């Protein structure tokens, strides 16, 4: 669970260490074979010194200020590419990182200089700056035919992109400087982390939350396009999963969908790269059969929340408390806020004259107090403390 969690949060420095530890324990013979390969590569350091030196001269000639250094691959990465390509010997290419000292536009200037010096390999260029990964990773990847006609991988990024690549969501708080303002990590970029915080608010208990988190981390992912933005979903997701990912309101009132310009059933399985349009109707509500095909834990919890909320006469006090928490969590999401603990809520319940937090949460479900009013006062309370 820790390795995919690090990957989702973009903490690649820790993920690399964990990957290698897992490889060492699960495939010790392969680990030893790759270790022997890495320690006995002929003139590897000397060749990389030549590549780095040539790249520095090339960038200086192109008036791009940058730091250039070797970028060794970790053992798991070598092993994965070796297995994927069915290579008989460990597949390992020389690699350098170019960290430009300037705005992101300098990355493209550096790319042009590198391609002017060495011939690029067709089909090996990726632009993760224009299309960032969901875990905040941003960089240009290219492969060139370097000195002595050897293939060399090149990564190009800014300093703040480099920090984000290493430390993910933690980079903005550990290294934030005024000069990083334009490239700093914004809350709306932390889509997956914000979704996890929403689950914590919506889940009936800790066990359900952990189950949802494990399921999400174990799933492969696809990237689709909707409402002019990229949305990451679990593989096998449907338009209903997408609708709830866009917003709870869109999900609740989802009526129909178009996939790549053609009408498609709501149970259709989305594919990577699909362009999807969701149609809603205010009078329409979720259908119970949606629970048979939705893939994401978030959609499942939202659908269950809707039915519990609309079958209120038979709802228990325990369920009302749970729904009250979920309702407050959803209202907080509108303000891009979340709660690390329930202490502020308990303080607010006391300030409003309720005997305990649970009574206030029941009042939210019974609509004797507006959830928006609760959230407005809660935010004001938290902000005053800060």
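Numbering (the UniProt record's numbering), first residue to last: 1 to 386. A virtual CB, placed ideally from N, CA and C, is assigned to each residue, including glycine. Quick caveat: nothing in here was measured; it's all calculated off a predicted structure.
message: Less than 7 Å between the beta carbons of residue 120 and residue 142, yes or no?
response: Counting from 1 along the chain shown, the entry for residue 120 is found at position 120. Counting from 1 along the chain shown, the entry for residue 142 is found at position 142. Yes, the Cβ-Cβ distance between residue 120 and residue 142 is below 7 Å.
field: Rounded separation between residue 276 and residue 282 - CA only
entry: Working through the chain shown from its first residue, we reach residue 276 at position 276. Working through the chain shown from its first residue, we reach residue 282 at position 282. Taking the CA atoms as reference points, residue 276 sits about 20 Å from residue 282.
- prompt: Looking only at its own chain, which residues have a Cβ that is under 7 Å from the Cβ of residue 78, when we skip the five neighbours before and after it?
  reply: On the chain shown, position 78 is the one that residue 78 refers to. The residues are 34, 90, 91, 92.
task: Please report the Cβ distance between residue 237 and residue 296, rounded to the nearest whole angstrom; I am assuming they are in contact, meaning their Cβ atoms lie under 8 Å.
output: As a first step, residue 237 must be located in the chain shown, where it is residue number 237. As a first step, residue 296 must be located in the chain shown, where it is residue number 296. Rounded, the Cβ-Cβ distance is 6 Å, consistent with contact.
query: So residue 266 packs on residue 286, CB below 8 Å; how close in whole Å?
result: Working through the chain shown from its first residue, we reach residue 266 at position 266. Working through the chain shown from its first residue, we reach residue 286 at position 286. Rounded, the Cβ-Cβ distance is 10 Å, inconsistent with contact.
- prompt: Under three-state DSSP, which class holds residue 403?
  reply: Since the displayed the chain opens at 1 and closes at 386, residue 403 lies outside it and no answer follows.
- request: Hey, could you find the ends of the beta strand (DSSP E) residue 229 is sitting in?
  value: Working through the chain shown from its first residue, we reach residue 229 at position 229. Here the beta strand (DSSP E) through residue 229 covers 229 to 234.
Member of 300, 302, 230 whose CA lies at the smallest distance from the CA of residue 274: Looking up residue 274 in the chain shown gives position 274. Distance from the Cα of residue 274 is smallest, within the candidate group 300, 302, 230, for 230.
message: When you compare the CB positions of residue 382 and residue 355, do they come within less than 7 Å of one another, or not?
response: For the purposes of this step, residue 382 is taken as residue 382 along the chain shown, with counting starting at 1. For the purposes of this step, residue 355 is taken as residue 355 along the chain shown, with counting starting at 1. With respect to residue 355, residue 382 sits apart: the two C-beta atoms are not nearer than 7 Å.
- prompt: Nearest CA to the CA of residue 124: which residue from 101, 155, 147?
  reply: As a position in the chain shown, residue 124 is number 124, starting the count at 1. Of the listed residues, the one whose Cα sits closest to residue 124 is 155.
task: Taking residue 304 as part of the alpha helix (DSSP H), name the residues at either end of that continuous run.
output: Taking the first residue of the chain shown as 1, we reach residue 304 at position 304. Residue 304 -> alpha helix (DSSP H) spans 297 to 309.
task: Give me the Cβ distance between residue 110 and residue 98, rounded to the nearest whole Å; I'm assuming they're in contact under 8 Å.
output: Residue 110 sits at position 110 when you count from the first residue of the chain shown. Residue 98 sits at position 98 when you count from the first residue of the chain shown. Contact flag correct, Cβ pair sits at about 5 Å.
- request: List the whole-angstrom C-beta distance separating residue 76 from residue 26, where the pair is believed to meet the contact cut-off of C-beta under 8 Å.
  value: Indexing the chain shown from 1 puts residue 76 at position 76. Indexing the chain shown from 1 puts residue 26 at position 26. In this structure, residue 76 and residue 26 do not form a Cβ contact; the two beta carbons are roughly 10 Å apart against a cut-off of 8 Å.
- prompt: Tell me, which residues are paired with residue 225 by DSSP?
  reply: For the purposes of this step, residue 225 is identified with residue 225 of the chain shown, where counting begins at 1. DSSP output for residue 225 lists 230, 275 as bridge partner(s).
- request: Under 7 Å Cβ to Cβ from residue 19, same chain only, skipping five residues before and after it: list those, please.
  value: Position 19 of the chain shown, counted from the first residue, corresponds to residue 19. Setting aside the 5 residues that flank it on each side, residue 19 is surrounded in the same chain by 3, 74, 76, each with a C-beta closer than 7 Å to its C-beta; the list follows chain order.
- request: On a CA-only basis, which of 340, 288, 59 is nearest residue 393? Give me that one, please.
  value: Missing from the structure shown is residue 393; the chain here goes from 1 to 386 and no further.
query: To which residues of the same chain is residue 269 closer than 7 Å at the C-beta, ignoring the five residues directly before and after it?
result: In the chain shown, counting from the first residue as 1, residue 269 sits at position 269. The answer, listed in chain order, is 236, 238.
field: Euclidean distance between Cα positions of residue 278 and residue 249
entry: Along the chain shown, one-based indexing puts residue 278 at 278. Along the chain shown, one-based indexing puts residue 249 at 249. A straight-line Cα-Cα distance of about 12 Å links residue 278 and residue 249.
- prompt: residue 31: buried (16+ other C-beta within 10 angstroms of its C-beta) or exposed?
  reply: Along the chain shown, one-based indexing puts residue 31 at 31. The residue in question, residue 31, is buried, as its Cβ has 16 or more Cβ neighbours within 10 Å.
task: Using three-state DSSP, classify residue 129 as helix, strand or coil.
output: To locate residue 129, count along the chain shown from 1; it is residue 129. Residue state, collapsed to three classes: coil.
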